[in-house]
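A.B. asks: Once you've had a glance at the structure underneath, I'll fire off some questions.
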Amino acid sequence: MVKSYLRYEAGRVFGVVCSLDSNICFDSSGKQLLAPALESVGVWNVRQGICSKTLSPSPSSSSSSFRAHSLAVTSIASSPSSLIASGYADGSIRTWDCYKGTCETTLNGHKGATTALRFSKSGSLLASGSKDNDIIMWDVVGEAGLYRFRGHRDQVTDIVFVESDKKLVSCSKDKFVRVWDLDTQHCIQIISGHHSEIWSMDVDPEEKYLVTGSADPELRVYKIKNEKLLDIQPPDSGGIDNNIDSSKNKWDVLKQFGEIHRQSKERVATVKFNKSGDLLACQVAGKVVEIFRILDEVESKRKAKRRIQRKKEKISAKGKAEATEMGDTDLAAREEVSIPDIVVSDVVKLVQVLRTSKKICSLSFCPVVQSNGGTSLALSLNNNVLEIYSVEGSVAAKKLSIDLPGHRSDVRSVALSSDNTLLLSTSHNAAKIWNPSTGTCLRTIDSGYGLCCSFVPNNRFAVIGTKSGALEIIEVGSGSSTEVIEAHSGSIQSIASISDGSGFVTGSADHDVKFWDYHLKEKPGHGSEQLTVTNVRTLKMNDDVLKVAVSLDSKYVAVSLLDNTVKVFFMDSLKFFLSLYGHTLPVLCMDISSDGALIVTGSADKNLKIWGLDFGDCHKSIFAHADSVTDVQFVRNTHYMFSVGKDRLVKYWDADKFELLLTLEGHHADVWCLSISSRGDFVITGSHDRSIRRWDRTEEPFFIEEEKERRLEEMFETAFDESTESRHAPKEELPEEGVVGLAGKKTQETLTATDLIIDALDMAEAEMKRLDQHKEDVKSGTRSDFQPNVMMLGLSPSDYVLRAISNVTTNDLEQTLLSLPFSDALKVFSYLKNWVSNPDKVELVCRVATVLLQTHHNQLIATLAARPVLTILKDILYERVKQCKDTIGFNLAAMDHLKQLMSLRSDAPFRAAKNKLLEIRSQQSKRLEQRMEMKDERRERKRQKK
35 MVKSYLRYEA GRVFGVVCSL DSNICFDSSG KQLLAPALES VGVWNVRQGI
85 CSKTLSPSPS SSSSSFRAHS LAVTSIASSP SSLIASGYAD GSIRTWDCYK
135 GTCETTLNGH KGATTALRFS KSGSLLASGS KDNDIIMWDV VGEAGLYRFR
185 GHRDQVTDIV FVESDKKLVS CSKDKFVRVW DLDTQHCIQI ISGHHSEIWS
235 MDVDPEEKYL VTGSADPELR VYKIKNEKLL DIQPPDSGGI DNNIDSSKNK
285 WDVLKQFGEI HRQSKERVAT VKFNKSGDLL ACQVAGKVVE IFRILDEVES
335 KRKAKRRIQR KKEKISAKGK AEATEMGDTD LAAREEVSIP DIVVSDVVKL
385 VQVLRTSKKI CSLSFCPVVQ SNGGTSLALS LNNNVLEIYS VEGSVAAKKL
435 SIDLPGHRSD VRSVALSSDN TLLLSTSHNA AKIWNPSTGT CLRTIDSGYG
485 LCCSFVPNNR FAVIGTKSGA LEIIEVGSGS STEVIEAHSG SIQSIASISD
535 GSGFVTGSAD HDVKFWDYHL KEKPGHGSEQ LTVTNVRTLK MNDDVLKVAV
585 SLDSKYVAVS LLDNTVKVFF MDSLKFFLSL YGHTLPVLCM DISSDGALIV
635 TGSADKNLKI WGLDFGDCHK SIFAHADSVT DVQFVRNTHY MFSVGKDRLV
685 KYWDADKFEL LLTLEGHHAD VWCLSISSRG DFVITGSHDR SIRRWDRTEE
735 PFFIEEEKER RLEEMFETAF DESTESRHAP KEELPEEGVV GLAGKKTQET
785 LTATDLIIDA LDMAEAEMKR LDQHKEDVKS GTRSDFQPNV MMLGLSPSDY
835 VLRAISNVTT NDLEQTLLSL PFSDALKVFS YLKNWVSNPD KVELVCRVAT
885 VLLQTHHNQL IATLAARPVL TILKDILYER VKQCKDTIGF NLAAMDHLKQ
935 LMSLRSDAPF RAAKNKLLEI RSQQSKRLEQ RMEMKDERRE RKRQKK
């Protein structure tokens, strides 16, 4: 009988607050902060500092097999509504409902990682930029791609909408800024001038200024050409590029305004305006955020007047002759100008330089302005911390730090308590105690660099071995370190508990293996017991000790050394028993089975070796991982084992059959450690990506042969896709200026949907032939009962084909239809005249007809059989579309009318007060301006008297 096994699947993931390779942002309400955590997006309540929900893609939603490294979140954006968009490393984009926590749709179009996302002000459009140098415009409501912009020669780093969502501005690592017209779908302006890669850009809410940041020592500011502001804005001085003729510039959207000099010498990572547009934050690739204030028009004019006045005083002091020699004739000619020209230094003012303890990964302003005029600024740091600052005026103060739910660096060791209710993890400066079922952090204990750890049998205490050679005893209940013992002169690499609970064994880089016993002593003045340990025996080795393992019956102790060997000793007498030699690199991990029959060793040579502990013979050597094997452990009372390695994989093995059972993917970096529950129902792994993952055993059985076939199929599909892409990929050529392409891309889902449509067409054609034959039989008198095809679910042939096409997602419909051969496309055309009579399917019929006509235009013209069908569609389709258009227009007009009625009823009591308030504010601004002018006149009179 073929043996079956129980499958392990990915469970809870915890320990990650924010990723390093993605941005953070607030939702539209400003109450929740969205922080990507590897393949998930954490929704954090800003006031409480807790994660209210986690948005995670399910494995079935991936286009191929679930691969965590391709599903890492690389970009995120929030819309004016509750919708959130997250971009991933495989180029896909998912939209989420923030309140429900559900995935609305998955959009596939990019061939590289998504690097920039931006919603339009209305929230109906989503623009995405990628490492494949393309920009795709998505219809969020229709859940489909509209078109693809090609023109950049390197990765797109940021995108913004301007001119009320009519234009799109993009920047790239190719040092160019491009402006795209969304109506004509063309590139209408290209701006050069940056000397290095452009990393970020943003536009203020009023769409007056656009700021770009690069590795240059200054930020570049551009004025946005807005027809509403042309009449009221003063002329610019020196803002136009001299290399470009002004006659050629009349259609340009962006016009250079000036440069803002930065204090930091590091490259710009992010530039962001706040909601009110009076603050600009510039985050560099370091620990600094420079906060600038954007002055309003009145303050800018006043500052420009003071600047010119100071220059006049300087000129009058030195004499006009000197001024002429200095070449300042332009200023002298403008001495009598009443309205000064405003330059960028009059508009932008540095107010604060914010410094953090660690490097900053991303920042985001809260979209809600506080009652006192302040705002909140969120920062994500590279040590897995989120910090919230309150910015009021020119002062930024930290008000919240979210750091409890994760380690500051990679997780080096994990250990489960004997009852599997507690989990201990160690890192470079702290140890944390978790609830492995919920992923909640219960305690955080300051400690040294913990390389190994273990619970004491009663679970009241735990022991940590540090890199400095100290043993730290932790009291679990209070979450405090009770004692630190200088145990070794080198780093403690391993701790192995003795099964009878009397003590443990440590192995260190100082060549010593020490045996320790537990003792309880009474705390002075407390009356409670405190754990302490004493060294009872020491085993001297001739090289660094990397790992120590003790058999369950306490008969043997195995020690792995830096010289690639494993030595086995008798536990009671410490006499030498066996030497296991065969690895070509040091053995980093090992474990002894519960029955004491087998010992497994994992090495830096990527191999697992299974040895018999009775004679020390090597049963099998397995090439297990693509990189060093970092940890291996048997499931208790079985010969099943788990291994982890630097190749990011967790593997499940049968040590009796020497077979790989499962490969579990999920980690995004090297996996350092693992721990298996006493019942084997779940496994805990810790990684360099700072995550702790739980893998749960399910009740689903599987067979080795089936898993082998599945792995071979995945390998074949991956190799086939790579060969297909390389065969059909165009040669590396520079993209044409302003090229527009199709938004979608061919995936496994689109190919499957094409096959389903072809099968539906064939089945419908066969059913129609049976119906025709039945009618002829009825006419000829040889009547027989007609039995419809049960596979068609009681639908007519036309409705069955319509069902197959309707089941294709909106985003995949275009690529699915492109894969249809011409003969099947003709069959689809023959059904369109029946489908268009359904008002709900008019839009679908129009999309299908448009795609097929564009794809097969030449063949349709040359095919006589297609002309009658196209003639019928020409007469019917226009009429149906006009009816739908009239209905939608009528409904929109009615909704606008209702909106106006509701606004009149609700705003009537406040309209007079609002107008009065506006009038008072305008009078106050006029008085303030008059006072400043009087002060300037008094200052001038005093100067003349002197």
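Residue numbers (our numbering): 35 to 980. Built from N, CA and C at the ideal position, the CB exists for glycine as well.
#1: How about L579 and R182: do their beta carbons lie closer than 8 Å?
#2: Give a yes or no on whether the C-beta atoms belonging to V382 and F326 are separated by under 8 Å.
#3: Kindly identify the DSSP beta-bridge partner or partners of S173.
#4: For K134, count the other beta carbons within 10 Å of its own beta carbon; 16 or more makes it buried, fewer makes it exposed. Which is it?
#5: Among the candidates I508, S198, D648, whose CA atom is the shortest distance from the CA of E563?
#6: Taking Cβ to Cβ, would you say F603 is nearer than 8 Å to V591?
#7: Hey, how far is the Cα of V255 from the Cα of K242?
#8: Which residue spans inside the stretch 914-976 form an unbroken alpha helix (DSSP H) run of at least 4?
#9: Please list the terminal residues of the continuous beta strand (DSSP E) segment that includes Y133.
#10: Compute the beta-carbon to beta-carbon distance between E177 and N845, rounded to the nearest angstrom, for a pair I have assumed lies under 8 Å.
#11: Since R728 contacts F736 with CB under 8 Å, what's their CB separation in whole angstroms?
#12: I think T540 touches V582, with their Cβ atoms under 8 Å apart; what is that distance to the nearest whole Å?
#13: In terms of residue numbering, what span does the beta strand (DSSP E) encompassing Q223 cover?
#14: To the nearest angstrom, how far is it from the Cα of T246 to the Cα of W130?
#15: Identify whether R341 lies in helix, strand or coil by the three-state DSSP scheme.
#16: Using beta-carbon positions only, say whether V80 and S86 come within less than 8 Å of one another.
#17: In terms of residues, what are the limits of the beta strand (DSSP E) holding S624?
#18: Of the residues L851, L642, G535, which one's Cα is nearest the Cα of E693?
#19: Along the chain, where does the beta strand (DSSP E) containing R301 start, and where does it finish?
#20: Alpha carbon to alpha carbon, how far is K691 from L647?
#21: Roughly how many angstroms separate the alpha carbons of R724 and P70, rounded to a whole number?
#22: Per DSSP, which residues does Q66 bridge with? Please list them.
#23: For a test of the three-state rule: what should DSSP assign to A106, helix, strand or coil?
#24: Quick one: what does DSSP say H891 is sitting in, helix, strand or coil?
#25: Opposite I118 in the DSSP bridges: which residues?
#26: Taking the alpha-carbon of K179 as reference, which of K548, A430, D606, L776 has the nearest alpha-carbon?
#27: Can we say the stretch 738-748 touches the stretch 152-159, given the rule of at least three CB pairs closer than 8 Å?
#28: Pull up the DSSP beta-bridge partners for F603, would you.
#29: Which residues share a DSSP beta bridge with P735?
#30: On the criterion of 16 or more Cβ atoms from any shown chain inside 10 Å, does L898 qualify as buried, or is it exposed?
#31: Quick one: residues in its chain with C-beta nearer than 7 Å to the C-beta of P764, no 5 flanking neighbours on either side, listed in chain order?
#32: What did DSSP end up calling D704 once you bin it into helix, strand or coil?
#33: Alpha carbon to alpha carbon, how far is S53 from L438?
#34: Could you say if the stretch 419-438 and the stretch 447-463 meet the contact criterion of at least three C-beta pairs nearer than 8 Å?
#35: Just confirm the distance between the C-beta atoms of I29 and V323, as a whole number of angstroms; I'd bet it's less than 8 Å.
#36: Over what stretch of residues does the alpha helix (DSSP H) that includes V378 continue unbroken?
C.D. replies: If we stick to the structure as given:
#1: Going by the sequence as given, residue 579 is Val instead of Leu. Not closer than 8 Å, so no.
#2: Going by C-beta atoms, V382 is nearer than 8 Å to F326.
#3: Checking the sequence, you will find Asp at residue 173 rather than Ser. In DSSP, D173 forms a bridge with L159, A178.
#4: Burial call: exposed.
#5: With distances taken between Cα atoms, E563 lies closest to I508.
#6: Taking C-beta atoms as the reference points, F603 and V591 count as a pair closer than 8 Å.
#7: Roughly 10 Å between the two C-alpha positions.
#8: Counting whole runs of 4 or more residues, the stretch 914-976 contains no alpha helix (DSSP H) stretch at all.
#9: Premise fails: Y133 is in no beta strand (DSSP E) and is neither H nor E.
#10: About 6 Å separates the beta carbon of E177 from that of N845, a gap short enough to meet the 8 Å contact definition.
#11: Wrong, their Cβ atoms sit about 20 Å apart, outside the cutoff.
#12: Contact between T540 and V582 holds, since their C-beta atoms are separated by about 7 Å, short of 8 Å.
#13: First-last of the beta strand (DSSP E) with Q223: 220-225.
#14: In this structure, the CA atom of T246 is about 29 Å from the CA atom of W130.
#15: Reduced to three states, the DSSP call for R341 is helix.
#16: Cβ distance not < 8 Å, so V80 and S86 don't count as in contact.
#17: Note that residue 624 is Met in the sequence shown, not Ser. If you look at M624, you'll find it in the beta strand (DSSP E) that goes 621-626.
#18: The residue with the shortest Cα to Cα distance from E693 is L642.
#19: Per DSSP, R301 is not a residue of any beta strand (DSSP E), being assigned neither H nor E.
#20: So the two alpha carbons sit approximately 17 Å from each other.
#21: Their backbone Cα atoms lie some 13 Å apart in a straight line.
#22: Q66 is bridged to N79.
#23: Coil, per DSSP.
#24: Per DSSP, reduced to three states, the secondary structure at H891 is helical.
#25: Under DSSP, I118 shares a beta bridge with S112, W130.
#26: It is Gly, not Lys, that sits at residue 179 in the sequence shown. It is L776 whose Cα lies nearest to the Cα of G179.
#27: Under the Cβ criterion (8 Å, minimum of three pairs), the stretch 738-748 does not count as touching the stretch 152-159.
#28: Under DSSP, F603 takes part in a beta bridge, and its partners are V591, F610.
#29: In DSSP, P735 forms a bridge with L40.
#30: Around the C-beta of L898, fewer than 16 other C-beta atoms lie within 10 Å, and the residue is accordingly described as exposed.
#31: For P764, the predicted model reports a pLDDT of 46, less than 50, meaning its position is unreliable and no value from the coordinates is stated.
#32: Shown here, D704 sits in coil according to DSSP, grouped into three states, outside any helix or strand.
#33: The C-alpha of L438 is placed about 15 Å away from the C-alpha of S53.
#34: Contact annotation: the stretch 419-438 does not touch the stretch 447-463, with fewer than three C-beta pairs closer than 8 Å.
#35: Given that the chain is displayed from residue 35 to residue 980, the structure contains no residue 29 and the question cannot be resolved.
#36: Element bounds for V378: 378-381.
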